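Numbering (the numbering used here), first residue to last: 15 to 532. Every residue gets a Cβ at the ideal spot worked out from N, C-alpha and C, and that includes glycine. Since this is a predicted model, take the numbers as computed values, not measurements.
The following block contains the structure:
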């Protein structure tokens, strides 16, 4: 096995790695991935695009989701090393490139938590429990963010139960929703299906690719804690394959349910899943008022509140699960000299990257406050901008993740590979090319929505593809994407350069007298 982390300051790295604890089992890996892959915040966005969304969901499952899972399964079985994605990219392309990309990847989580998950959780609470406004909006957001920081900072013996709870909440919530949809269909009928609406179009592809691709990512997260896991060479690939099949069913079923229950004009990107829940739960008590408003009463209202709590738990555990993986990868990068050493230190008592978690919490809080004020309280606009930016940042990292497969096969041909992408060398190259091409296209669509309108016989204006809340405001939208992307890219470069400087000083003996502290 090649040594993936070789720097001049091996004492620091050894002392840091000595704090890691083998606390994860194969079941923990499965729950972590299931919690990461099944993101309920995107279900409404998919359903809002109509029946065509289901068609593209199936197509991209075959062209992206499957090869992506196979790539991660091979990499995790071959290089079961702490840091996961960062370590693979570091082995393939070097510390500087891997450090910059890893920082952007890690920063996507505070943006996602502060700019997307918070708003969906608050919208859910306001819809089913009690309206939030003014100061209470900020209080709810702060609780959501900082309880998450606490969960990622406790020892993994405790923290591993958060993804397990999130996976269980998803199974119960989505299972109950599906059963309720069947009851609703029997009692009150469903929407008439026109099979022509399922016909894939390029316009639909433009609108759906970013959301579907983002729905399908997260396989690499358990690999970030590979050295905290029993038999990672076997546990992680099995978790990837099992969670992939399970998560696809858990996403596809509620999307189909929403399309069957609600007319297309009643589904919004932000509230699609929430609206569908309210509609189907009227079978337990409630009605649709003449103005189209859905009012739950009696047992229906009780079911609504319980389901809202389950949805909020699912959203919260999504953020925690991603943070558990991304923060470990970032801490590994910092300890390796691809970021400030201060943030690479693990807690002596807990074996977790507390410092990097706290920094993520501060950044998520800043994103939440800025987005709420910039959007002027327009939660739909807040959701669109935050989600697209988070997806863009994640895509930057995946642009290098997928090419690592053929590169590492070439650089380390003799390393044992317990699992390989089917098809030999050609199969690996095809999987890498497919996933990379889709990621590049997704990033292009996010940076410039509507790119390619007019191709393949399509008509219309590129501005028609701007997300909710930005109609006729292309400049405003571009600023919400390009300015943060540039800032985060420069932050990643600064992190990597600081780490390089500290590494050089350590190699020359300047820092050898420093003591590693938690």
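Worksheet entry | Buried versus exposed call for residue 362 [16 or more other C-beta atoms within 10 Å across all chains shown] | So residue 362 ends up on the exposed side.
Worksheet item: Does DSSP put residue 522 in a helix, a strand or coil?
Response: Coil, per DSSP.
Worksheet item: Measuring CA to CA, which of 251, 225, 267 is closest to residue 194?
Response: When 251, 225, 267 are compared, the shortest CA-CA separation from residue 194 is found for 267.
Discussion item. I need the DSSP call for residue 234, collapsed to helix, strand or coil.
Written reply: Helix.
Discussion item. By alpha-carbon positions, which one of 78, 304, 157 ends up nearest to residue 226?
Written reply: Relative to the Cα of residue 226, the nearest Cα in the group 78, 304, 157 belongs to 78.
Item to complete: Name the two residues that bound the continuous alpha helix (DSSP H) containing residue 297.
Response: Per DSSP, residue 297 lies in no alpha helix (DSSP H) and is assigned neither H nor E.
Item to complete: Quick one: give me the first and last residue of the alpha helix (DSSP H) that residue 89 is part of.
Response: It spans 80–92 - the alpha helix (DSSP H) in which residue 89 sits, taken as one unbroken run.
Worksheet entry | Inter-residue CB distance, residue 275 and residue 302 (contact presumed, cutoff 8 Å) | 11 Å between Cβ atoms; not a contact.
Worksheet item: Taking the beta strand (DSSP E) that residue 310 falls in, what are its first and last residues?
Response: Note, residue 310: beta strand (DSSP E), 308–310.
Worksheet item: Given that a residue counts as buried once 16 or more other Cβ atoms are within 10 Å of its Cβ, and exposed if not, what is residue 135?
Response: By the 16-neighbour rule on beta-carbons within 10 angstroms, residue 135 is buried.
Worksheet item: With distances taken from CA atoms, which of 486, 440, 383 is nearest residue 129?
Response: Of the candidates 486, 440, 383, the residue whose Cα lies closest to the Cα of residue 129 is 383.
Worksheet item: Excluding sequence positions up to five away, which residues of its chain have a Cβ less than 7 Å from the Cβ of residue 443?
Response: For residue 443, where only same-chain residues beyond five positions count, the Cβ hits under 7 Å are 420.
Worksheet entry | Complete alpha helix (DSSP H) runs within the segment 311–355 (minimum length 4 residues, chain order) | Runs of the alpha helix (DSSP H) lying entirely within the segment 311–355 and spanning at least 4 residues, in chain order: 312–349.
Worksheet item: DSSP on residue 376, reduced to helix/strand/coil?
Response: Residue 376 falls in the helix class under three-state DSSP.
Practice prompt. Taking 8 Å as the cut-off, decide whether the C-beta atoms of residue 466 and residue 117 are in contact.
Written response: Cβ distance not < 8 Å, so residue 466 and residue 117 don't count as in contact.
Worksheet entry | Limits of the alpha helix (DSSP H) - the one that residue 450 falls within | Segment 438–461, the alpha helix (DSSP H) holding residue 450.
Worksheet item: Roughly how far, in whole angstroms, is the beta-carbon of residue 459 from the beta-carbon of residue 269, given that I think they are within contact range, below 8 Å?
Response: Going by Cβ atoms, the distance from residue 459 to residue 269 rounds to 20 Å, so no, they are not a contact pair.
Worksheet item: In terms of DSSP beta bridges, what is residue 38 paired with?
Response: Bridge partners of residue 38: 243.
Item to complete: Starting from the Cα of residue 333, find the closest Cα among 114, 345, 94, 181 and give me that residue.
Response: Comparing Cα-Cα distances from residue 333 to each of 114, 345, 94, 181, the minimum goes to 181.
Discussion item. For a quick check, are the C-beta atoms of residue 422 and residue 105 less than 8 Å apart?
Written reply: Their beta carbons are under 8 Å apart, which means residue 422 touches residue 105 by this criterion.
Fill in: residue 266, DSSP secondary structure in three states
In the three-state scheme derived from DSSP, where H, G and I count as helix and E and B as strand, residue 266 is classed as helix.
Discussion item. I'd like the list of long-range same chain contacts for residue 163, defined as Cβ closer than 6 Å, with 5 residues on each side in sequence excluded.
Written reply: For residue 163, where only same-chain residues beyond five positions count, the Cβ hits under 6 Å are 371, 375.
Worksheet entry | Separation of residue 454 from residue 216, as counted between CA atoms | So the two alpha carbons sit approximately 17 Å from each other.
Item to complete: Compare the Cα-Cα distances from residue 156 to each of 307, 218, 386, 323 and report the closest residue.
Response: The option with the nearest alpha carbon to residue 156 is 386.
Worksheet item: Taking just the CA atoms, how far does residue 76 sit from residue 263?
Response: Between residue 263 and residue 76, the alpha-carbon positions lie close to 14 Å from each other.
Practice prompt. Report the three-state DSSP secondary structure of residue 410 (helix, strand or coil).
Written response: Three-state DSSP puts residue 410 in a helix.
Practice prompt. Would you mind stating whether residue 296 and residue 314 have Cβ atoms separated by less than 8 Å?
Written response: Between residue 296 and residue 314, the C-beta spacing is below 8 Å.
Practice prompt. Please report how far the alpha carbon of residue 52 lies from the alpha carbon of residue 521, in whole angstroms.
Written response: For the pair residue 52 and residue 521, the Cα-to-Cα distance works out to about 44 Å.
Worksheet item: Around the C-beta of residue 209, are 16 or more other C-beta atoms found within 10 angstroms, so that it is buried, or is it exposed?
Response: Flag for residue 209 reads exposed.
Practice prompt. Specify the secondary structure class of residue 66 as computed by DSSP and reduced to three states.
Written response: Residue state, collapsed to three classes: helix.
Discussion item. Using only CA atoms, which one of 368, 519, 469, 83 lies nearest to residue 260?
Written reply: If you compare the alpha carbons of 368, 519, 469, 83 with that of residue 260, the shortest gap goes to 83.
Worksheet entry | Of the listed residues 81, 380, 326, nearest to residue 187 (C-alpha basis) | Ranked by Cα distance from residue 187, the first of 81, 380, 326 is 326.
Discussion item. Among the candidates 424, 418, 426, whose CA atom is the shortest distance from the CA of residue 446?
Written reply: Looking at the Cα atoms, 418 is the closest of the given residues.
Worksheet item: With residue 236 and residue 339 assumed to form a contact (beta carbons below 8 Å), what rounded beta-carbon distance in angstroms separates them?
Response: Going by Cβ atoms, the distance from residue 236 to residue 339 rounds to 7 Å, so yes, they are a contact pair.
Item to complete: Flag this pair as yes or no: are the beta carbons of residue 398 and residue 483 separated by less than 8 Å?
Response: Going by C-beta atoms, residue 398 is nearer than 8 Å to residue 483.
Item to complete: Could you work out which residue in 131, 86, 245, 206 is closest to residue 401 when comparing CA atoms only?
Response: The residue with the shortest Cα to Cα distance from residue 401 is 131.
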